[in-house]
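Inspection log for the structure reproduced underneath, given as structure tokens.
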Amino acid sequence: MTAFKDLNLSSALQKSLEELGYTTPTPIQISAIPLLLQGQDVAGQAETGSGKTAAFGLPILQGVDTSLQQVQALVIVPTRELAVQVRQELKKYGKYMENLKISAFYGGHSFSQERASLAHPPQVLVGTPGRLTDHLNRKTVDMGMVKQLVLDEADKLLEMGFEEEIDQVLAAMPRKRQTILFSATMPDDVKELISNSLKNPQFVKASANAIPDQVKLVGIKVEHHDRKEVIVNLLKSVDPAGTVVFTNTRIAADELAALLQEQGIAVKALHGGMEQVDRDKTMTLFRNKTTQVLVATDVAARGLDIAALQNIIHYELPIDAAAYLHRSGRTGRAGKSGTVYTLATPRDEKQLREWEQVRMDEWLSASTLKEKAPKAAVPAASSFATLHISGGRKDKISPRDIVGALIAEAGLKVDQIGKIEVQDRMSFVAVPHAQSKSIAEKLSEGKIKGRKYKVNLVR
Numbered sequence: 007m008t009a010f011k012d013l014n015l016s017s018a019l020q021k022s023l024e025e026l027g028y029t030t031p032t033p034i035q036i037s038a039i040p041l042l043l044q045g046q047d048v049a050g051q052a053e054t055g056s057g058k059t060a061a062f063g064l065p066i067l068q069g070v071d072t073s074l075q076q077v078q079a080l081v082i083v084p085t086r087e088l089a090v091q092v093r094q095e096l097k098k099y100g101k102y103m104e105n106l107k108i109s110a111f112y113g114g115h116s117f118s119q120e121r122a123s124l125a126h127p128p129q130v131l132v133g134t135p136g137r138l139t140d141h142l143n144r145k146t147v148d149m150g151m152v153k154q155l156v157l158d159e160a161d162k163l164l165e166m167g168f169e170e171e172i173d174q175v176l177a178a179m180p181r182k183r184q185t186i187l188f189s190a191t192m193p194d195d196v197k198e199l200i201s202n203s204l205k206n207p208q209f210v211k212a213s214a215n216a217i218p219d220q221v222k223l224v225g226i227k228v229e230h231h232d233r234k235e236v237i238v239n240l241l242k243s244v245d246p247a248g249t250v251v252f253t254n255t256r257i258a259a260d261e262l263a264a265l266l267q268e269q270g271i272a273v274k275a276l277h278g279g280m281e282q283v284d285r286d287k288t289m290t291l292f293r294n295k296t297t298q299v300l301v302a303t304d305v306a307a308r309g310l311d312i313a314a315l316q317n318i319i320h321y322e323l324p325i326d327a328a329a330y331l332h333r334s335g336r337t338g339r340a341g342k343s344g345t346v347y348t349l350a351t352p353r354d355e356k357q358l359r360e361w362e363q364v365r366m367d368e369w370l371s372a373s374t375l376k377e378k379a380p381k382a383a384v385p386a387a388s389s390f391a392t393l394h395i396s397g398g399r400k401d402k403i404s405p406r407d408i409v410g411a412l413i414a415e416a417g418l419k420v421d422q423i424g425k426i427e428v429q430d431r432m433s434f435v436a437v438p439h440a441q442s443k444s445i446a447e448k449l450s451e452g453k454i455k456g457r458k459y460k461v462n463l464v465r
């Protein structure tokens with residue numbers, strides 16, 4: 007069996023992989039990494055959870071010259087959420103590379119901050135097409151030294167209508183470069199993009215099945231007017247922590263989230279109608295388990311790697327099998343188990359049977375689910391609350407500093423402290439819900455790394 011140590015990666019990358027607990031590469035990594043290290047163009051068909059970020063990210067980082075402050079590698083992604091996620095993943099892999107700078111540029115983020123950061127350009131830039139062309143039009147970014155280009159989730163890029171922006175970015179780059187493309191599906195427009203943008207590409211494929219074998223798929227037979235009662239019963243009968251419920255519209259997401267809140271469930275909506283800062287906050291609350299359930303539109307279906315995710319619920323069936331597979335593939339990642347529940351009306355049931363690539367392991371009736379759900383109980387609210395700290399990476403704050411302050415100022419023990427996220431100008435930490443108000447006050451009155459910061463509860 008191939009191990010990461012057999013892939014000829016640098017010692018700095020090997021060290022971070024060992025620290026992350028990565029030992030055995032996934033099939034797409036075994037196929038793609040050697041080809042990319044040889045400098046070849048690669049077109050990969052890789053589904054959600056296949057490990058494609060490491061498949062292109064590790065060779066990119068290996069090729070970066072950290073002594074040069076120039077954009078040397080560019081990763082184009084379709085959404086803001088994916089830009090942030092890819093940057094975070096690459097930073098983990100490149101943790102032990104000295105002087106490495108990785109930036110993410112995307113809409114909803116301060117353009118002036120991005121422009122100011124280009125005074126010392128990143129070696130690796132991750133961005134959405136619209137924001138990248140905005141920088142090119144204003145001549146704030148130089149793509150002239152880019153050696154490696156990644157088009158990630160190419161089918162989504164084209165589906166969202168970014169052809170012109172991609173053409174403009176490609177025109178600003180050197181012709182002599184390595185181009186890497188990954189896509190979950192290979193429709194004709196993606197094949198045309200490969201033909202126009204890659205030179206003698208090597209094709210690699212992860213798997214024909216987008217839903218991992220360790221994921222259990224359960225269909226629940228419902229009538230349309232019973233769906234709200236059924237989903238409440240479902241969430242009462244399982245551990246709701248780490249659940250994403252998918253709807254097809256923003257209105258449905260907001261209405262369902264409000265209904266579940268009334269049932270005592272720690273739930274938030276997530277959709278494209280929200281401001282970026284609110285979407286980011288919602289994702290932080292979900293990752294650190296303050297929020298147990300997300301009710302989301304397909305904005306969350308592609309590219310979001312959420313380690314805490316246990317259950318997927320299709321409250322409404324998406325438009326096609328590909329969307330169903332992408333939603334369902336959010337769970338069961340990196341070998342973990344998970345469950346996908348689908349609320350299916352008679353019409354939906356017929357549609358599911360027509361989607362040949364979709365399997366169903368078990369069918370339940372709504373009445374069976376009602377019997378399984380505790381009669382009066384509601385899911386326990388989250389045991390964590392989240393604190394917002396007005397300082398972050400730019401203030402030289404590390405997770406260790408936050409842990410030290412919580413112990414010294416608030417009297418917490420290490421095992422009482424939940425997930426910590428340190429961003430550029432702010433940080434978030436999960437603390438025991440029952441003591442959260444007192445902890446926030448004590449931390450505000452005290453100091454973190456010798457300085458005072460504003461500390462507030464995130465609601």
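This note's numbering runs 6 ahead of the 1-based position in the sequence shown.
Each residue gets a CB set at the ideal place from its N, CA and C atoms; glycine is no exception.
Note that this is a predicted model, so its numbers are computed, not measured.
Check	Outcome
Report all residues from its chain with a CB closer than 7 Å to the CB of alanine 214; omit the five preceding and five following residues, and keep chain order.	Confidence in alanine 214 is poor, its pLDDT being 45 and thus under 50, which makes the residue's placement unreliable; the coordinate value appears in the next sentence. Closer than 7 Å at the Cβ level, and outside the excluded window around alanine 214, lies no residue.
Out of Tyr28, Ala79, Asp173 and Asp47, point me to the one whose CA is closest to valine 210's CA.	Asp47
Work out the CA separation of methionine 366 and glutamate 360 for me, nearest whole Å.	12 Å
Which residue or residues does DSSP assign as beta-bridge partners of glutamate 368?	Val224
In whole angstroms, give me the CA-to-CA distance for serine 73 and alanine 79.	14 Å
Using the Cα positions of glutamine 267 and histidine 320, report the straight-line distance between them to the nearest angstrom.	18 Å
Which runs of the beta strand (DSSP E), 3 residues or longer, sit entirely within the stretch 265-353?	273-276, 299-302, 317-320 and 344-350
If you draw a straight line from the alpha carbon of threonine 337 to that of asparagine 294, how long is it in whole angstroms?	17 Å
What number of angstroms, rounded off, separates the C-alpha of serine 17 from the C-alpha of glutamine 94?	20 Å
Helix, strand or coil: which one does DSSP assign to glutamine 429?	coil
Could you give the C-beta distance for valine 77 and valine 92, rounded to a whole number, given that I count them as a contact under 8 Å?	In fact, because the Cβ distance is near 15 Å, the residues do not count as touching under 8 Å.
Please name the residue, chosen from Pro84, Ser389 and Ile36, that lies closest to phenylalanine 62 on a Cα-to-Cα basis.	Ile36
Just the Cα atoms here: how many angstroms apart are leucine 163 and phenylalanine 111?	16 Å
Starting from alanine 391, follow its DSSP beta bridges and name the residues at the other end.	Val437
Would glycine 271 and proline 246 be called neighbours here (beta carbons separated by less than 9 Å)?	According to the sequence as given, residue 271 is isoleucine; it is not glycine. In this structure, proline 246 lies closer than 9 Å to isoleucine 271 by Cβ.
Using 9 Å as the threshold, is the C-beta distance between proline 65 and leucine 42 below it?	yes
Within 10 Å of its beta-carbon, does lysine 469 have 16 or more other beta-carbons around it, so buried, or fewer, so exposed?	One cannot answer for residue 469 here, as it falls past the ends of the chain, which runs 7 to 465.
Among the residues of its own chain, which have a CB less than 6 Å from the CB of glutamate 368, if the five just before and after it don't count?	Val224
Could you tell me whether the stretch 439-456 touches the stretch 396-403, where touching means 3 or more Cβ pairs closer than 8 Å?	yes
Valine 175 to histidine 332, Cα distance in whole Å?	27 Å
Assign lysine 4 to one of three DSSP states: helix, strand, or coil.	The first residue shown for the chain is 7 and the last is 465, placing residue 4 beyond what the model contains.
At which residues does the beta strand (DSSP E) containing lysine 211 begin and terminate?	208-211
Can you check DSSP and say which residues form a bridge with asparagine 462?	His394
What do you get for glutamate 104, buried or exposed, if any count of 16 or more other CB atoms within 10 angstroms of its CB means buried?	exposed
Would you call the CB atoms of leucine 142 and alanine 178 closer than 9 Å?	yes
Hey, would you say glutamine 51 sits closer than 9 Å to phenylalanine 168, going by beta carbons?	no
Would you mind working out which of Thr134, Ile403, Ser371 and Lys274 sits nearest glutamate 159, comparing C-alpha positions?	Thr134
Under the rule that 16 or more other beta-carbon atoms within 10 Å means buried, what is serine 371, buried or exposed?	exposed
Rounded to whole angstroms, what is the Cα-Cα separation between valine 282 and alanine 302?	Note on residue identity: the sequence assigns glutamine, not valine, to residue 282. Taking the straight line from one Cα to the other gives about 14 Å.
For the stretch 426-440 against the stretch 241-256, do three or more pairs of beta-carbon atoms, one drawn from each stretch, fall closer than 8 Å, so that the two count as touching?	no
Just tell me which of Asp173, Leu323 and Asp284 has its CA closest to the CA of arginine 233.	Leu323
Please name the residue in Val156, Ala275, Ser343 and Arg121 whose C-alpha comes closest to that of valine 132.	Val156
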